[in-house]
Amino acid sequence: MASDRADSTTCSVSLTLFVAALLATLISAGLVWTALVLTGLGCTSDTSHLASWYPVCKAYERGAYLALVIIAFGTQVVGAAHALIRKRAISLIVGLTMSLVLLAAHFLFVPFIY
Amino acid sequence: MASAERANTAQRRCEQQQPRTVPQPVAVAVFTVFASLLFHFVILWAYALITVGEHRTISVVDDVENKIGIFSILVLAKACLGDFPLPILGIPLTISLSGAWLTLRELRLQPALLGLGIGTLSATFGPLVVHNIF
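Structure (structure tokens):
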């Protein structure tokens, strides 16, 4: 307990937590990028005229997925920054999990909103 | 004497087993730069691949040379990346003229194969600029 308190007051972050924050951010960016590119490729392919693709492509055309980038990736970045400042790995895990949930929810619901 | 040396060695080994740390300001600063670079990468390159929309208008005007500084960067970005993020951010595309000029230099028309080619190509041109080399 005392060592934890001492560790949290020192002005340094463990290398493991630092690398984990960078990796989690990289993973989040990779997932967002992959989702966007797959959507874009779907909308520019020959199948984009299909009814199932139409709402997605319409939302994409209107820039709706910018919100996806900002919300999902931003959540992860805030979580990782909180983990680095407070030195708590749980913030990193919560941030990444929330980012994944937001990513999935956004792709599921955005076509019905726009 | 030997016991003191052994104690020193044990202490040194204990110090070596301490987890390596990074100064917190450095960690936060590096993380901030890393995250913002990734953010720009995601925005620019994910949307650069997408050109949704059936009708695109290419305009060319003759005052491209007057656009310097940030506009040159945007023009270059247009040439490399495409339309995004300019229209979505509400910036008029008239600043992306050099990109259109570069695109026109590489415009190639190929016969459609099995109906997979371009159905309609629509382009609007303003005054064309002829650059004299000599």
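From first to last, the protein sequence lines stand for chains A and B.
Here the first sequence is numbered in this note's numbering, starting from 15 and rising by one per residue.
Here the second sequence is numbered in this note's numbering, starting from 2 and rising by one per residue.
Glycine included, every Cβ here is placed at the ideal spot set by N, Cα and C.
Note that the structure is predicted; figures quoted are calculated from it, not measured.
Is A:A119 buried or exposed, if buried means 16 or more other CB atoms sit within 10 Å of its CB? If you number the first sequence from 1, residue 119 of chain A lands on position 105. Exposed is the call here.
Under 8 Å by Cβ, that's how I've got A:L106 and B:L39 pegged, so tell me the actual separation to the nearest angstrom. The residue you call residue 106 of chain A lines up with position 92 of the first sequence. The residue you call residue 39 of chain B lines up with position 38 of the second sequence. 16 Å between Cβ atoms; not a contact.
Does the CB of A:L40 have a neighbour CB from chain B at under 8 Å? Here residue 40 of chain A refers to the residue found at position 26 when the first sequence is read from its first residue. Chain B, which has a Cβ nearer than 8 Å to the Cβ of A:L40, makes this yes.
What separation, rounded to the nearest whole angstrom, lies between the Cα atoms of A:A86 and A:L52? If you number the first sequence from 1, residue 86 of chain A lands on position 72. If you number the first sequence from 1, residue 52 of chain A lands on position 38. Straight-line Cα distance between these residues: approximately 17 Å.
Could you spell out where the alpha helix (DSSP H) holding B:V23 opens and where it closes? For this step, residue 23 of chain B is matched to residue 22 along the second sequence. It is not in any alpha helix (DSSP H) - B:V23 instead sits in the beta strand (DSSP E) that spans 22 to 24.
Are the C-beta of B:A28 and some C-beta of chain A separated by less than 8 Å? Taking the second sequence and counting its residues from 1, one reaches residue 28 of chain B at position 27. With 8 Å as the cut-off, B:A28 counts as an interface residue toward chain A.
On the DSSP letters alone, give me the boundaries of the beta strand (DSSP E) that A:V27 sits inside. As a position in the first sequence, residue 27 of chain A is number 13, starting the count at 1. Start and end: 26 to 28.
Which residue's Cα is closest to the Cα of A:A49: A:A95, A:V91, A:V70, A:V33? Position 35 of the first sequence holds residue 49 of chain A. Comparing Cα positions, the closest option is A:V70.
contact_flag[the stretch 79 to 93 of chain A, the stretch 20 to 28 of chain B] where n(CB pairs < 8 Å) is 3 or more: no
What residue range does the alpha helix (DSSP H) around A:V99 cover? Position 85 of the first sequence, counted from the start, is the residue given in the question as residue 99 of chain A. The displayed chain sequence assigns Ile, not Val, to residue 99 of chain A. From DSSP, the alpha helix (DSSP H) with A:I99 extends over 88 to 100.
Which residues, taken in chain order from the stretch 75 to 104 of chain A, show a beta carbon closer than 7 Å to some beta carbon of chain B? E75, G77, L80, V83, F87, V91, A94, A95, L98, I99
Which chain A residues are close to B:V43, counting only those with a beta carbon under 8 Å from its beta carbon? One-based indexing of the second sequence puts residue 43 of chain B at position 42. Under the 8 Å cutoff, chain A gives A43, V46, W47, L50, V83, F87.
Can you give the Cα-Cα distance for A:I104 and B:N9, rounded to whole angstroms? The residue given as residue 104 of chain A occupies position 90 in the first sequence. The residue given as residue 9 of chain B occupies position 8 in the second sequence. The alpha-carbon separation between A:I104 and B:N9 amounts to approximately 37 Å.
CA-to-CA distance, A:F123 to A:G113, given in whole angstroms: Mapped onto the first sequence, residue 113 of chain A falls at position 99. Mapped onto the first sequence, residue 123 of chain A falls at position 109. The identity of residue 113 of chain A in the sequence shown is Ser, whereas the question assumes Gly. If you take the alpha carbons of A:S113 and A:F123, they lie about 15 Å apart.
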